[in-house]
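Taking numbering that gives the first Met the number 0, the leading residue of the sequence shown gets 0, the next gets one more, and so forth. We put the beta carbon where it would ideally sit given N, CA and C, even for glycine. Note that the coordinates shown come from a computational prediction; the quantities given were computed from them, not determined experimentally. Here's the structure we're looking at; comments come further down.
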Amino acid sequence: MHAITSRFVPPAGAPRVLATAQLAGSLGDGAFLVCSALFFIRVVGMSPSQIGLGLTIAWAVGSFAGVPLGALADRRGPRGTAILLALATAGSVGTFLTVRAFVPFVLVACLYASFQSGLGAARQALLAGLVEPGRRTEARAFMQSTANAGLAIGAALGGLALQFDTEGAYLAIFTVDAVAFLVTGAVLTRLPSVPPAPPAESGEPKLAVLRDRPYAALTLINTVMLLYMPMISLVMPLWVVERTDAPRWLVSAMLVINTVCVVLFQVRVARGVTGLPSATRFVRLAGLIMLACCAVFALSAYGSSAWPATLILLAGIVLQVAGEMFLASGAWEISFGLAPARQQGQYQGFFGMGIPLARMLGPILLTTLIMGWGAPGWLVLGIIFLTAGLAMTPAVRWAERTRPAFAAEATSVGRSRSVGAERG
Numbered sequence: 000m001h002a003i004t005s006r007f008v009p010p011a012g013a014p015r016v017l018a019t020a021q022l023a024g025s026l027g028d029g030a031f032l033v034c035s036a037l038f039f040i041r042v043v044g045m046s047p048s049q050i051g052l053g054l055t056i057a058w059a060v061g062s063f064a065g066v067p068l069g070a071l072a073d074r075r076g077p078r079g080t081a082i083l084l085a086l087a088t089a090g091s092v093g094t095f096l097t098v099r100a101f102v103p104f105v106l107v108a109c110l111y112a113s114f115q116s117g118l119g120a121a122r123q124a125l126l127a128g129l130v131e132p133g134r135r136t137e138a139r140a141f142m143q144s145t146a147n148a149g150l151a152i153g154a155a156l157g158g159l160a161l162q163f164d165t166e167g168a169y170l171a172i173f174t175v176d177a178v179a180f181l182v183t184g185a186v187l188t189r190l191p192s193v194p195p196a197p198p199a200e201s202g203e204p205k206l207a208v209l210r211d212r213p214y215a216a217l218t219l220i221n222t223v224m225l226l227y228m229p230m231i232s233l234v235m236p237l238w239v240v241e242r243t244d245a246p247r248w249l250v251s252a253m254l255v256i257n258t259v260c261v262v263l264f265q266v267r268v269a270r271g272v273t274g275l276p277s278a279t280r281f282v283r284l285a286g287l288i289m290l291a292c293c294a295v296f297a298l299s300a301y302g303s304s305a306w307p308a309t310l311i312l313l314a315g316i317v318l319q320v321a322g323e324m325f326l327a328s329g330a331w332e333i334s335f336g337l338a339p340a341r342q343q344g345q346y347q348g349f350f351g352m353g354i355p356l357a358r359m360l361g362p363i364l365l366t367t368l369i370m371g372w373g374a375p376g377w378l379v380l381g382i383i384f385l386t387a388g389l390a391m392t393p394a395v396r397w398a399e400r401t402r403p404a405f406a407a408e409a410t411s412v413g414r415s416r417s418v419g420a421e422r423g
């Protein structure tokens with residue numbers, strides 16, 4: 000019984016509270032994501048292209064907002080900042096209830112995306128401040144596992160609203176999402192306070208991460224690896240329906256398999272990461288597995304029978320979720336381990352830009368590559384994953400070598416600017 004509990008229930012204290020907060024927010028997100036597009040199409044009267052453009056703008060804004068909001072968490076303390084951003088996210092979702100035109104939709108969506116990105120950065124800074132370094136990746140794995148569980152539960156609630164297909168049902172789901180983030184903020188109040196970072200030295204850049212080229216390289220590599228997200232959510236449904244003989248219900252089954260596997264196995268996989276060497280090894284392995292996954296998906300287009308295509312696609316999704324879990328475990332350790340202790344908020348905000356960027360750029364890139372090129376496109380994508388996975392090792396070594404030098408350089412540059420300003 001204890002073994003089962005330790006496998007699915009986070010350790011008491013900060014990891015359990017953070018996972019509970021993640022569960023609440025993810026439940027709301029799952030319900031919102033299932034219903035939001037249809038609400039704005041059927042109730043508000045917007046076109047799909049307007050929604051796509053609005054969300055692209057919103058996530059572009061949100062991806063950059065995470066850095067200054069993460070820096071705010073460093074300066075003011077991550078606990079209070081995270082609570083404030085959770086409440087702000089709830090407010091932005093509540094504002095969606097009143098949106099009835101394109102421009103207000105874009106404005107509110109930008110606020111929603113910005114608060115979400117900032118909340119993610121502040122939450123990561125909280126984890127870094129409350130959990131000892133050797134347990135951070137495991138704690139982050141518990142958060143990811145509960146997030147997937149919350150998304151699944153929320154998606155089921157959203158599915159009920161879709162069955163009713165009424166304005167009242169959609170508005171009820173928006174209300175559930177807003178309440179979920181209020182609950183997130185309330186749960187976060189149970190955490191102990193993490194003191195703000197020590198004041199920056201005179202002239203030190205406020206957003207030092209923007210000058211950290213090795214860390215930018217790590218973020219870029221991770222962003223490329225995160226292309227698996229639009230691959231699964233967008234490209235795979237199109238591929239299954241248009242290019243294979245597999246039944247359409249397989250699309251939902253593949254998403255369920257992905258979610259269940261992360262819930263069941265992400266923590267176990269993450270326990271294999273014990274430091275930067277094992278983290279880079281996990282990312283390399285993720286690249287190799289994703290290459291194999293893409294090759295298997297390419298095979299699914301050949302043949303004229305549903306069952307072989309179904310079995311091939313199921314094998315591919317198992318490989319995909321394995322690669323996803325290895326990537327996540329390695330990337331978490333790298334993002335924490337190579338960020339300065341007193342700047343975790345801004346660094347996690349910067350590293351977290353990879354998610355919205357992959358979601359923003361991935362659809363057009365992958366639909367062109369996969370739906371345009373077919374099976375060869377899958378192989379090209381697999382090679383991209385493998386190359387990125389292999390590139391993480393030298394990038395981590397570069398970042399390790401430059402940590403002390405970068406800190407000294409950032410302070411020196413800041414001081415010279417300060418002196419120059421005083422002379423001017």
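With a cutoff of 8 Å on beta-carbon distance, G61 and S113 are scored as near each other. Here the C-alpha atom of V295 lies approximately 38 Å from the C-alpha atom of Y169. Using a C-beta cut-off of 8 Å, the region 332-351 makes no contact with the region 312-322, since fewer than three inter-stretch Cβ pairs fall below that distance. Sorting I383, E137, A13, Q319 by C-alpha distance to the C-alpha of S192 places A13 at the top. The C-alpha of A297 lies about 18 Å from the C-alpha of M224.
At the C-beta level, L217 and V66 stay beyond 8 Å of one another.
Rounded to whole angstroms, the Cβ separation of R74 and P197 is 10 Å, and the two are not in contact under 8 Å.
Closest in alpha carbon position to V130, among G286, D176, A11, is A11. By the neighbour-count definition (other C-beta atoms within 10 Å, threshold 16), G348 is a buried residue.
By the C-beta criterion, the region 344-359 is judged not to be in contact with the region 253-265, since fewer than 3 inter-stretch pairs fall below 8 Å. Annotation: the continuous alpha helix (DSSP H) that includes E137 extends over 135-163. Less than 8 Å separates the beta-carbon of P77 from that of G344. Following the DSSP letters along the chain, one finds L249 inside the alpha helix (DSSP H) bounded by residues 248-269. In the structure shown, S48 falls within a helical segment according to DSSP collapsed to helix, strand and coil. Using a Cβ-Cβ distance cut-off of 8 Å, the region 319-332 and the region 268-280 are in contact, since at least three pairs of beta carbons, one from each stretch, lie closer than that value. Across the structure, L380 and C293 are spaced so that their CA atoms are roughly 7 Å apart.
Under the three-state reduction of DSSP, Y301 is assigned to coil, being neither helix nor strand. For D211, the three-state secondary structure derived from DSSP is coil. Per DSSP, the unbroken alpha helix (DSSP H) holding S91 starts and ends at 77-95.
Distance between L22 and L84, taken at the CA atoms: about 16 Å. If you look at T19, you'll find it in the alpha helix (DSSP H) that goes 13-37.
DSSP places R99 in the coil class of the three-state scheme, outside both helix and strand.
Contact between the region 140-149 and the region 369-385 is absent, with fewer than three C-beta pairs closer than 8 Å.
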